[in-house]
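Residue numbers (our numbering): 2 to 396.
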């Protein structure tokens, strides 16, 4: 209809003569994306300038020739007929394509519409193409940032938890499958930050991350958990070999390194657990390994503590029982930390943090019990308790 209207205007007012070729080129220039028309025999009948730019081919080369010869199997008449039959008007099919000049792998968005005669015989297929490569690269970058530690380039805590989840689930399916986890806490990074500056501390963390990678076997995994803490997953590591693995880790970590012209000697506390079928999730595995690491720190810098699975299970059962008792006895307390408006340099409010005032062990931080309380379904009662206490304190 648009073409007919333009032809009428041109003829009525004595403008230029409208040919089929001119109309086709004008329509092609108005279409967003690249326009390629392939007839029912698979030959290219129209190839727009935008198609030349995206696909890296001159129209003189492809016009009149079989499309799949130059554009790949995705542009065969059979393939286009299938796409045209199942795609809605605005649906897009993603198609891989290799640029013939640069060799770059592209991601193309392909929409196909069949052109039929009055007897519904398909005469041609109109293909509209978009270059999705930059979009897919940005998506991949965002995904990489979600699972990678920016400073060291290692997998981050979220990625490591997924790997631990997989190991724990495999252990449930395959009782003979074994794995071990090391939770590594560096002992002197804070001192380095204070004495040599945070750039030196970052350099230390990057170097230690590289050392851990070099110490790993192909089947193992390493991650930066956060701050000065790292995690290592030994897949298929027998208990008899665990001492050798940990010793190799320590030798890589404790070798001296030079930062800002200073030779540094580091120490690390290492907690070790073995997956003996008692862990139901990666979170539970990591919590057990962190407990082992803090036990190692209690014995002094550079220590190693191996925590047996049965010991963790007993602690877990004891924690669950004590949490139920704590809810009944209302042993949770709200502790407040200020919220400061930096620009106005004044107090803007307070944040209430829930802590557990244990009758024997003293004050327990939320990171040590909130996950377990949530799994036990106790958080609603804890939240209600805190809300009442905060309201009373505000009066």
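Just so it is clear, CB atoms sit at the ideal spot from N, CA and C, and this is done for glycine as well.
Can you give me the Cβ contacts of residue i inside the same chain, cut-off strictly under 7 Å, excluding the 5 residues immediately before and after it?
| i | result |
| --- | --- |
| residue 157 | 148, 149, 150, 224 and 225 |
| residue 153 | 206, 207, 210 and 225 |
| residue 59 | 53 |
| residue 355 | 333, 335, 367, 383 and 387 |
| residue 63 | 45, 48 and 71 |
| residue 137 | 108 |
| residue 220 | 236 and 237 |
| residue 242 | none |
| residue 348 | 339 and 341 |
| residue 380 | 374 |
| residue 168 | 180, 234, 236 and 276 |
| residue 100 | 57 and 107 |
| residue 162 | 283, 284 and 287 |
| residue 291 | 184 and 272 |
| residue 324 | 370, 373, 374, 377 and 379 |
| residue 166 | 282 and 283 |
Between which two residues does the alpha helix (DSSP H) harbouring residue i extend?
| i | result |
| --- | --- |
| residue 211 | 199-216 |
| residue 270 | Run containing residue 270: none in the alpha helix (DSSP H); it sits in the beta strand (DSSP E), 269-275. |
| residue 280 | Here residue 280 belongs to no alpha helix (DSSP H), and DSSP marks it neither H nor E. |
| residue 381 | 380-395 |
| residue 258 | Per DSSP, residue 258 belongs to no alpha helix (DSSP H); it is in the beta strand (DSSP E), 258-260. |
| residue 371 | 371-376 |
| residue 237 | That residue, residue 237, is in no alpha helix (DSSP H); it is neither H nor E in DSSP. |
| residue 86 | 78-87 |
Closer than 8 Å by C-beta to residue i: which residues in its own chain qualify, once you throw out the five before and the five after it? Chain order, please.
| i | result |
| --- | --- |
| residue 44 | 65, 66, 67 and 68 |
| residue 269 | 185, 186, 187, 188, 251, 254, 255 and 303 |
| residue 215 | 253 |
| residue 117 | 123 and 124 |
| residue 159 | 147 and 148 |
| residue 327 | 333, 357 and 359 |
| residue 298 | 186, 188, 270 and 304 |
| residue 344 | none |
| residue 203 | 152 |
| residue 212 | 253, 254 and 256 |
Since residue i is in the beta strand (DSSP E), which residue starts that stretch and which ends it?
| i | result |
| --- | --- |
| residue 181 | 180-187 |
| residue 283 | Here residue 283 belongs to no beta strand (DSSP E); instead the alpha helix (DSSP H) covers 283-299. |
| residue 1 | Any property of residue 1 remains undetermined from this structure, which presents the chain solely from 2 to 396. |
| residue 263 | 263-265 |
| residue 308 | 305-308 |
Excluding the five sequence neighbours on either side, which residues of its own chain have a C-beta within less than 6 Å of the C-beta of residue i, listed in chain order?
| i | result |
| --- | --- |
| residue 72 | none |
| residue 352 | 338 and 340 |
| residue 266 | 257 |
| residue 131 | 34 and 110 |
| residue 307 | 273 |
| residue 51 | 35 |
| residue 300 | none |
| residue 261 | 197 and 201 |
| residue 296 | 306 |
| residue 320 | 373 |
| residue 120 | none |
On the DSSP bridge assignment, give the partners of residue i in chain order.
| i | result |
| --- | --- |
| residue 128 | 37 and 113 |
| residue 156 | 149 |
| residue 224 | 232 |
| residue 97 | 108 |
| residue 45 | 39 and 64 |
| residue 247 | Residue 247 is not bridged to any residue. |
| residue 123 | 117 |
Self-check item: Meets three-Cβ-pair contact criterion under 8 Å: the segment 280-295 and the segment 194-201
Solution: The answer is no - the segment 194-201 does not touch the segment 280-295, with fewer than three Cβ pairs under 8 Å.
Exercise. Return the chain-ordered ranges of every beta strand (DSSP E) run that is complete within the segment 321-365 and spans a minimum of 3 residues.
Key: As far as the segment 321-365 is concerned, its whole beta strand (DSSP E) runs of at least 3 residues are 333-342, 347-359 and 363-365.
Practice problem: Say whether the segment 77-87 touches the segment 109-124, bearing in mind that this needs 3 or more beta-carbon pairs closer than 8 Å, one atom from each stretch. | Solution: Taking 8 Å as the limit for Cβ pairs, the verdict is that the segment 109-124 does touch the segment 77-87.
Self-check item: Three CB pairs or more closer than 8 Å across the segment 117-127 and the segment 34-43
Solution: Result yes; three or more Cβ-Cβ pairs closer than 8 Å.
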